[in-house]
Amino acid sequence: MQVQKKLMIDGSIDGAVAGEVYETGVANGAGFVDAEAAKAFFQRLDQQLNKVNRFYERKEGEFLERGESLRRQLQILVELKAAITQQQQARRGGRSSKGRADTDDLSISCSIQLGDQSLRGIAEQEEDGQETVTKDVTAKSTDEGLEDQLSISQGLGESGRHGRPNEEAAHKLRTLSGRVVTCQGRNVRINIPVTTPSRTVTAIRELLFEDMLSQSKKTGTHGSDSNEKLSINKRKLHQAEKMIRGALVELYKGLGYLKTYRSLNMMAFVKILKKFDKVTDKEVQQIYLKVVESSYFNSSDKAIRLMDDVEELFVRHFTEGDKRKAKMYLKPNQREESHSTTFFIGLFTGGFLALSIGYCIMAHIAGMYTQQSNKVYMSTSYPVLSMFSLFFLHLFLYGCNIFMWRKTRINYTFIFEFAPTKELKYRDVFLICTTSMTIVVGVMFAHLTIILKGNPSSAVQAIPGSLLLVFLSILICPFNIIYRSSRYQFLRVIRNIILTPFYKVVMVDFFMADQLCSQVPVLRSLEYLACYYITGSYMTQDYGYCTRVKHFRDLAYAVSFLPYYWRAMQCARRWFDEGDINHIVNLGKYVSAMLAAGTKVAYENNNSAGWLSLVVIVSSIATIYQLYWDFVKDWGLLQFNSKNTWLRNDLILKQKYIYFLSMGLNLVLRLAWLQTVIHPNIGSLDSRVTLFFLAALEVIRRGHWNFYRLENEHLNNAGKFRAVKVVPLPFHEVAED
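In this text, residue positions in the sequence shown follow the working numbering: the first is 992, and each later residue adds one.
1. Residues in its own chain within less than 6 Å of Val1592 by CB, not counting five upstream and five downstream?
2. For Glu1327, name the three-state secondary structure that DSSP assigns.
3. To the nearest angstrom, report how far apart Ser1222 and Arg1082 are at their CA atoms.
4. State yes or no: is the C-beta of Leu1458 within less than 8 Å of the C-beta of Met1353?
5. Alpha carbon to alpha carbon, how far is Lys1225 from Tyr1494?
6. Quick check on this structure: which residue in His1385, Ala1453, Arg1397 has the alpha carbon closest to the alpha carbon of Thr1425?
7. Can you tell me where the alpha helix (DSSP H) holding Val1718 begins and where it ends?
8. Which residues in the same chain as Phe1387 place their Cβ atom closer than 6 Å to its Cβ, once the five residues preceding and following it in sequence are excluded?
9. I need the DSSP call for Tyr1360, collapsed to helix, strand or coil.
10. Leaving out five residues on either side along the sequence, give the residues of the same chain with a beta carbon under 8 Å from the beta carbon of Thr1412.
11. Pick helix, strand or coil for His1542, following the three-state DSSP scheme.
12. Just to check my reading of the structure: Arg1679 and Met1369 have Cβ atoms closer than 8 Å, yes? What is that Cβ distance to the nearest angstrom?
13. Using 8 Å as the threshold, is the segment 1550–1562 in touch with the segment 1501–1511, meaning 3 or more CB pairs across them?
14. Three Cβ pairs or more, each shorter than 8 Å: is that satisfied between the segment 1523–1533 and the segment 1451–1466?
15. Can you tell me whether DSSP reads Gly1214 as helix, strand or coil?
16. Compute the beta-carbon to beta-carbon distance between Phe1305 and Leu1239, rounded to the nearest angstrom, for a pair I have assumed lies under 8 Å.
17. Within the continuous alpha helix (DSSP H) that includes Cys942, where are the two ends?
18. Is DSSP giving Val1275 helix, strand or coil here?
19. Out of Ile1525, Thr1399, Arg1057, Ile1691, point me to the one whose CA is closest to Ala1702's CA.
20. Relative to the alpha-carbon of Val1498, which residue among Ala1259, Arg1700, Leu1061 has its alpha-carbon at the smallest distance?
21. Just to confirm my understanding: we take Asn1708, look at its own chain, exclude 5 residues before and 5 after, and list those with CB closer than 8 Å. What are they?
22. Nearest chain D C-beta to Ser1457 closer than 8 Å, yes or no?
23. Check whether the segment 1052–1061 and the segment 1293–1301 are in contact - that is, three or more C-beta pairs closer than 8 Å.
24. Measuring CB atoms only, is the segment 1584–1591 touching the segment 1560–1571, in the sense that at least three cross pairs come out at less than 8 Å?
25. Please report how far the alpha carbon of Gly1627 lies from the alpha carbon of Leu1638, in whole angstroms.
26. Keeping to the same chain, check which residues put their C-beta closer than 6 Å to that of Asn1256; ignore five residues upstream and five downstream.
27. Can you tell me where the alpha helix (DSSP H) with Lys1591 in it begins and where it stops?
28. Among the candidates Glu1048, Ile1472, Tyr1479, whose CA atom is the shortest distance from the CA of Phe1409?
29. Can you say whether Arg1035 is buried or exposed, counting buried as having 16 or more other CB atoms within 10 angstroms of its CB?
30. In the DSSP assignment, find the alpha helix (DSSP H) that holds Leu1520 and state where it starts and stops.
31. Classify Ser1150 as helix, strand or coil using the three-state DSSP reduction.
32. Take every Cβ of the segment 1641–1660, pair it with every Cβ of the segment 1684–1699, and state whether three or more of those distances are shorter than 8 Å.
33. Reducing DSSP to helix, strand and coil, say where Glu1056 ends up.
34. Excluding five sequence neighbours on each side, which residues of the same chain lie with their C-beta closer than 8 Å to the C-beta of Ala1687?
35. Assuming the contact rule is C-beta atoms closer than 8 Å, Arg1564 and Pro1492 should be a hit. Round their C-beta distance to whole Å, please.
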């Protein structure tokens, strides 16, 4: 057997990077029983070797280019920080009596000179990457001002049109500042992504401010040499520093993945050749492995040297020489799972089941949950139990999702951008659910026991509200107990949803907003309970107060629309950031859901045939809209040209029939709105119990939907070889005319 190595002439094979091509020749099939099979085997092995080499070389080149960009970013950052440090030293020498407050607000003051630009023109140039500004940085001293300044003159002209384009993943991202700084002879555009309300408001304010200046220059209000001041302070540099630090961490992570890719493929070739030797009883492993070991993917050390450089840069610039602290960022340790977690899951599961059975028996004996049950209890205490039940059922299904995602190797931590040291494992989720529901059912069991003994005092009526208050207190508890990082992550996501569209929308935000769309009954119960206890109605047991007062009743209806409104605003923000028209189409889906919810509310207030017909028509249109988006967009199924009929080309689950069953189940559960028309009653059960079961079915549908949503997202990432997050860089060099 001989192995030949050739250099690619045309520079590309299937779009690959130019490199070496390996071909194995089996001369006359000598020594092999089945020469054709052996020849086919080595041809296939050559193809895989060339494929591995091309992929490794392409990715290595991308990482090397990214590493060089980050070196330039750090150099620019260091130079700008040095300029501010010089100001700080000058101020300490000349104005030490002014105190610390002045020193902490150091800034680079900018003198802006705008050309003939309108607000619309500036926005269009920013979108096309053609906004151009020139800043000349020179230190100057002032006798009367409170701080030394760096004079930066800015002009909007043609010089930025030759600038480098932004990264592909952020080419349309709106930024806090698109201005260009001349630093050590280089023109540099400063881009801070608009990801928070403060940055959004600042960007809008600066855009409007610049537009007013340009308009005033048109009318001659400020004259031809109008200049205004803009400051780039240490806060903006700190934001840029955080962006560069995050980009270094992601680069290091990507290089680690590339290193793992190399070792795994080397191991694969060893095992394949070892198996071939065993089957053919020949010694070809050592011959072929010499070629594999000398191939590009195994012999190149550029990625390893770049890893060392990244680690050195990170230690020098971000951890002040502390290598241990740098390792915490670059190589975070996975949190180990404890067997005690499994033990407590079993313990609390048993306690929950026992208490649930006892509660159900007592409620049945007392005649609760029937149409002749205690109205006060069903209106005030039952909503607490149903709310917790729906919430922790949803959380339990999320734990099941995590279990299935891990089993099927769906990279949900990357998709949600979870920190590996802080993410919840499925056992943690199950422990939270079982522990919480044991407490809830135990308290409600004791509460029902006290009521049946004839003690309906206001203190007893306050027990369900106190239980809710305890859980809310745990959620916002500032102490580092009971999964604080996960609790605060949850609160941050809820904050981002509520303040949509001021926050940049990421995957975890709109995924959580989708979950809220399935938890409308929980939100309505929470609104009612807040009204009942805050207004003091529990003292008089006036459970109908919050439904009689008009503004509370209107608030309850508004709560029903909020999740769809938030989700629609997220679609609008994503369209603004990315320019993809699909987000506008998706927004239409949530608008149709709001219209369907509005017609249902109107029908509940006015039971007429006209409103009933409108409910059926609008809800049917909304359901068809939602089903199409579920199957085609969110799950990526129903692709007519797919090799898997009516599915998609890539499937994680081997049994194809599961996908068809899942689509059928999603279709059935999407029709839960029919209860508005049918008004089903299960025997003598109270209508609230029936609504609880329907709400539980919607939660189950959402948990079922979650798996396929992330499966499709994972396959899209894998198809585009996305394994690390693309962090936009703050500084972009612009070529001069």
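Glycine included, each C-beta is placed from N, C-alpha and C at the ideal position.
In this text the structure is predicted, and so the values were computed from the model without any measurement.
Taking the geometry as given:
1. Here the question's residue 1592 lines up with position 601 in the sequence shown. Answer for Val1592: Tyr1548, listed in chain order.
2. Locating residue 1327 in the sequence shown gives position 336, counting from the first residue. If DSSP states are grouped into helix, strand and coil, Glu1327 belongs with coil.
3. Within the sequence shown, residue 1222 is the residue found at index 231, counting from 1. Within the sequence shown, residue 1082 is the residue found at index 91, counting from 1. Residue confidence for Ser1222 is low, a pLDDT of 49 falling below 50, so the modelled location carries little weight; the figure read from the coordinates is stated next. Computed Cα separation, rounded: 17 Å.
4. The residue you call residue 1458 lines up with position 467 of the sequence shown. The residue you call residue 1353 lines up with position 362 of the sequence shown. In this structure, Met1353 does not lie closer than 8 Å to Leu1458 by Cβ.
5. Taking the first residue of the sequence shown as position 1, residue 1225 is located at position 234. Taking the first residue of the sequence shown as position 1, residue 1494 is located at position 503. Each residue's Cα considered, the two are about 22 Å apart.
6. Residue 1425 sits at position 434 when you count from the first residue of the sequence shown. If we check each option's Cα against that of Thr1425, His1385 comes out closest.
7. Sequence index remark: in the sequence shown, residue 1718 carries index 727 (1-based). It is not in any alpha helix (DSSP H) - Val1718 carries neither H nor E in the DSSP assignment.
8. Here residue 1387 corresponds to residue number 396 of the sequence shown, with the count starting at 1. So the qualifying residues of the chain are Cys1424.
9. Taking the sequence shown and counting its residues from 1, the one referred to as residue 1360 is at position 369. Here Tyr1360 sits in coil by DSSP.
10. In the sequence shown, counting from the first residue as 1, residue 1412 sits at position 421. Here the set comprises Pro1323, Asn1324, Gln1325, Arg1326.
11. In the sequence shown, the residue the question calls residue 1542 occupies position 551. Reduced to three states, the DSSP call for His1542 is helix.
12. Walking along the sequence shown from the start, residue 1679 turns up at place 688. Walking along the sequence shown from the start, residue 1369 turns up at place 378. With a Cβ gap of about 6 Å, Arg1679 and Met1369 count as contacting.
13. yes
14. yes
15. Sequence index remark: in the sequence shown, residue 1214 carries index 223 (1-based). No answer about Gly1214 holds up, because its pLDDT of 43 lies below 50 and its placement is not dependable.
16. Residue numbering aside, residue 1305 sits at position 314 when the sequence shown is read from its first letter. Residue numbering aside, residue 1239 sits at position 248 when the sequence shown is read from its first letter. Yes, they are in contact, since the Cβ atoms of Phe1305 and Leu1239 sit about 5 Å apart, within 8 Å.
17. The shown model of the chain, from 992 to 1728, leaves out residue 942, and the question about it has no answer.
18. Within the sequence shown, residue 1275 is the residue found at index 284, counting from 1. Of the three classes helix, strand and coil, the one that applies to Val1275 here is coil, per DSSP.
19. Here the question's residue 1702 lines up with position 711 in the sequence shown. Before going on, a small fix: residue 1702 reads as Glu here, not Ala. If we check each option's Cα against that of Glu1702, Thr1399 comes out closest.
20. The count along the sequence shown starts at 1 and reaches residue 1498 at position 507. The question names Val, but residue 1498 is Met in the sequence shown. When each option's Cα is compared against that of Met1498, the closest is Arg1700.
21. Translated into the one-based positions of the sequence shown, residue 1708 becomes position 717. These residues qualify, in order along the chain: Asn1402, Phe1405, Ile1406, Ala1714.
22. Protein chain content of the structure displayed is limited to a single chain, and chain D is not contained in it.
23. yes
24. no
25. Within the sequence shown, the letter at position 636 stands for residue 1627. Within the sequence shown, the letter at position 647 stands for residue 1638. Spanning the two alpha carbons is a distance of roughly 8 Å.
26. Here residue 1256 refers to the residue found at position 265 of the sequence shown. So the qualifying residues of the chain are Val1043.
27. On the sequence shown, position 600 is the one that residue 1591 refers to. Run containing Lys1591: 1573–1596, per the alpha helix (DSSP H) assignment.
28. As a first step, residue 1409 must be located in the sequence shown, where it is residue number 418. Looking at the Cα atoms, Tyr1479 is the closest of the given residues.
29. Sequence index remark: in the sequence shown, residue 1035 carries index 44 (1-based). Under this definition Arg1035 is an exposed residue.
30. Here residue 1520 refers to the residue found at position 529 when the sequence shown is read from its first residue. Counting along the chain, the alpha helix (DSSP H) containing Leu1520 begins and ends at 1511–1525.
31. Here residue 1150 refers to the residue found at position 159 when the sequence shown is read from its first residue. Any reading at Ser1150 needs caution, since the residue's pLDDT is 33, under 50, leaving its predicted position unreliable; the model's value is listed next. Ser1150 falls in the helix class under three-state DSSP.
32. yes
33. By 1-based counting over the sequence shown, the position of residue 1056 is 65. Helix, per DSSP.
34. Along the sequence shown, one-based indexing puts residue 1687 at 696. For Ala1687, where only same-chain residues beyond five positions count, the Cβ hits under 8 Å are Ser1380, Leu1381, Leu1384.
35. Looking up residue 1564 in the sequence shown gives position 573. Looking up residue 1492 in the sequence shown gives position 501. Arg1564 to Pro1492, Cβ: 4 Å. Contact.
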